[in-house]
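The block underneath contains the structure these notes are about, expressed in structure tokens.
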Amino acid sequence: MAATADTPMRDVMGVSGPGGATVDTTSDPSAGEVRLPARPESAATVRRLTRDLLRDHWLLPRQLTEDAVQLAAELAANAVQHAGAHSFGLLVRRRRGWIRVEIRDPSRALPCLLPPGRELDLNGRGLFLVDALADRWGVDLLPRGKSTWFELRLSGR
43 MAATADTPMR
53 DVMGVSGPGG
63 ATVDTTSDPS
73 AGEVRLPARP
83 ESAATVRRLT
93 RDLLRDHWLL
103 PRQLTEDAVQ
113 LAAELAANAV
123 QHAGAHSFGL
133 LVRRRRGWIR
143 VEIRDPSRAL
153 PCLLPPGREL
163 DLNGRGLFLV
173 DALADRWGVD
183 LLPRGKSTWF
193 ELRLSGR
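First residue of the sequence shown: 43, per our numbering; consecutive thereafter.
In structure tokens:
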């Protein structure tokens with residue numbers, strides 16, 4: 043069962059997470075929200091979980107999979123850097139002709155698409171990538187936080 047705004051987010055077991063809790067790095071983010079510690083190394087887990095689901099289980103095209111993996115990692119990095127929380131969630135959904143990837147965090151602060159910085163800036167390009175590569179993206183406010191999401195069309199790529 044997928045987590046919704048009305049159902050609690052689930053914690054899973056595996057890698058050390060916030061407060062000594064553990065996170066299952068083999069969880070299926072299409073079966074329900076996978077909670078991860080808000081640490082920079084969690085972006086690698088987001089990339090792997092997203093890649094494994096899209097490539098190995100759903101057998102989606104390589105370029106679409108790589109775009110989704112990159113964008114999911116960018117949103118995860120934003121949650122780690124800006125949400126000020128101990129953890130965040132990853133949820134991936136598939137519906138006719140589309141995939142949707144959500145990163146959920148407890149902050150209600152909205153992300154901002156800022157003008158690009160200088161060419162050598164190391165930060166500040168994540169939402170530009172999302173805006174450029176995703177067919178749609180946005181933010182939904184939840185009772186306890188927000189979901190920053192993007193969607194990719196499965197056909198016509």
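C-beta: ideal position from N, C-alpha, C; glycine also.
DSSP beta-bridge partners of residue i
i	result
residue 191	144 and 180
residue 139	Bridge partners of residue 139: none, in fact.
Reference residue i; option with closest CA among the options
i	options	result
residue 115	154, 101, 98 and 130	130
residue 152	175, 133 and 117	117
residue 73	82, 180 and 99	99
residue 174	113, 89 and 107	113
residue 172	182, 156 and 192	192
residue 119	70, 84 and 139	84
residue 150	111, 177 and 124	124
residue 132	101, 147 and 155	147
residue 78	195, 96, 122 and 101	122
residue 127	197, 179, 176 and 82	82
residue 70	90, 190 and 170	90
residue 195	86, 178 and 88	178
Unbroken alpha helix (DSSP H) run spanning residue i, endpoints
i	result
residue 89	84-93
residue 99	Segment: none, residue 99 is in no alpha helix (DSSP H) and carries neither H nor E.
residue 104	104-124
For residue i, three-class secondary structure by DSSP
i	result
residue 133	strand
residue 77	strand
residue 156	coil
residue 196	coil
residue 173	helix
residue 186	coil
residue 70	coil
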